[in-house]
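The structure under discussion appears below in the form of structure tokens.
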Amino acid sequence: MNSRERILTAINHKEPDRVPIDLGSTPSSGISTIAYARLKKHLGMTDGHNRVYDVVQQLAEPEWPILDRFGVDVIDLGRAFNTN
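Last residue of the sequence shown: 1441 (my numbering), numbering continuous.
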């Protein structure tokens, strides 16, 4: 089951192959910049940068290696169009 199928299955109140994972696709599912830096340090990921996308809530924008590592199914739609 791919991410799209997993999300649609869950939305339709059916059981997907696993629980869909969301990390930072919306402000309500975001991760604080401090927690994100600590997570990266714990995982030994020293490269990249910690970008703050919500200054008021101090939310980090998770980098692709983190999203891939955790098998995240939901991403911010703006990322899909950002090729940088």
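Note that beta-carbon positions come from the ideal geometry of N, C-alpha and C, so glycine has one too.
All values derive from a computational prediction rather than experimental measurement.
Who are the near neighbours of residue i in its chain, counting only those whose CB is closer than 7 Å to its CB and skipping five residues on each side?
{"i": "PRO1373", "result": "MET1358, ARG1363, THR1366, ALA1367"}
{"i": "SER1382", "result": "VAL1431, ILE1432, ASP1433"}
Apply the 10 Å Cβ neighbour rule to residue i and answer buried if 16 or more other Cβ atoms are within range, or exposed otherwise.
{"i": "ILE1423", "result": "buried"}
{"i": "ASP1430", "result": "buried"}
{"i": "LEU1400", "result": "exposed"}
Which residues in the same chain as residue i place their Cβ atom closer than 8 Å to its Cβ, once the five residues preceding and following it in sequence are excluded?
{"i": "VAL1409", "result": "THR1390, GLN1415, LEU1416, ALA1417, GLU1418"}
{"i": "LYS1397", "result": "THR1403, GLY1405, ASN1407, ILE1423"}
Helix, strand or coil for residue i per DSSP?
{"i": "ASP1433", "result": "coil"}
{"i": "ILE1368", "result": "helix"}
{"i": "ASP1374", "result": "coil"}
{"i": "ASP1404", "result": "coil"}
To which residues of the same chain is residue i closer than 6 Å at the C-beta, ignoring the five residues directly before and after it?
{"i": "GLY1405", "result": "GLU1420"}
Have a look at the DSSP bridge pairing and note the partners of residue i.
{"i": "LEU1416", "result": "SER1389, ASP1411"}
{"i": "ASP1379", "result": "VAL1431"}
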